[in-house]
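Residue numbers (the working numbering): 575 to 764. Single-structure report; data block below.
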């Protein structure tokens, strides 16, 4: 089974319980819970929804018919009960961070947010999702981030050859404009 389609709509004859059951099966299959005994499935790491943090790392405690119960890793006194479609598998290596989120084993809201958080904590404000650049405002000056040397370093380089940067996106758009003889656009949103 593939990863759950979070945008699935109900078929006319399909109940919400059937959708929850299907999402439960897909979560179990995607995290490997299907291959584990009840003792082993307890403790599987997942990203659970959190109102303050977006997602928190948690371990599976119980798989119910419509909901999953997880224990927050950093706060053993807190358990979260959530719908299956709100819980996502976590990476096996929690310290893994990548320039391009597409390189993550599980590309979901929880792993994407965690990767961006880790990179931001190290002053790496840019992250790719394929050819899309995610930028997080550092609210401070980062020396050499926009220097002439940095501009030169990115000139003529393929996207992904160097760490993510706005100059890589600008250079690619410029080179594509010259090569394809077509207008290019860069969309900034947020």
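Every residue gets a Cβ at the ideal spot worked out from N, C-alpha and C, and that includes glycine. From a predicted model like this one, the values you see are computed outputs, not experimental measurements.
Give the straight-line distance between the Cα atoms of residue i and residue j, rounded to the nearest whole angstrom.
| i | j | result |
| --- | --- | --- |
| residue 749 | residue 730 | 8 Å |
| residue 665 | residue 684 | 10 Å |
| residue 613 | residue 642 | Note that residue 613 has pLDDT 48, beneath the 50 cutoff, so the model's placement of it is unreliable and no number is given. |
| residue 621 | residue 695 | 19 Å |
| residue 629 | residue 755 | 44 Å |
| residue 632 | residue 713 | 30 Å |
| residue 764 | residue 654 | 30 Å |
| residue 650 | residue 704 | 36 Å |
| residue 660 | residue 668 | 19 Å |
| residue 753 | residue 742 | 16 Å |
| residue 658 | residue 623 | 11 Å |
Just list the residues that DSSP pairs residue i with in beta bridges.
| i | result |
| --- | --- |
| residue 754 | Answer is none; residue 754 lacks a bridge partner. |
| residue 693 | Paired residue(s): none; residue 693 is not in a bridge. |
| residue 701 | 708 |
| residue 668 | Answer is none; residue 668 lacks a bridge partner. |
| residue 631 | 621 |
| residue 644 | 634, 654 |
| residue 663 | 620 |
Contact defined as beta carbons within less than 8 Å: I believe residue i pairs with residue j. What is the distance between those atoms, to the nearest angstrom?
| i | j | result |
| --- | --- | --- |
| residue 733 | residue 727 | Between residue 727 and residue 733 the Cβ distance is about 14 Å, and since that is not below 8 Å, they are no contact. |
| residue 738 | residue 719 | No, residue 738 and residue 719 are not in contact; Cβ-Cβ is about 12 Å, not under 8 Å. |
| residue 561 | residue 634 | Nothing can be reported for residue 561: it is not among the residues displayed for the chain, which extend from 575 to 764. |
| residue 688 | residue 662 | In fact, because the Cβ distance is near 10 Å, the residues do not count as touching under 8 Å. |
| residue 760 | residue 744 | 7 Å |
| residue 710 | residue 690 | 6 Å |
DSSP three-state label for residue i, please.
| i | result |
| --- | --- |
| residue 622 | strand |
| residue 745 | helix |
| residue 649 | coil |
| residue 673 | coil |
| residue 718 | coil |
| residue 684 | helix |
| residue 761 | coil |
| residue 727 | helix |
Could you tell me whether any Cβ in chain B is nearer than 8 Å to the Cβ of residue i?
| i | result |
| --- | --- |
| residue 688 | You won't find chain B in this structure, because it holds only one protein chain. |
Check: Counting pairs of beta carbons, one from the stretch 665-683 and one from the stretch 693-711, are three or more of them closer than 8 Å?
Finding: A contact exists between the stretch 665-683 and the stretch 693-711.
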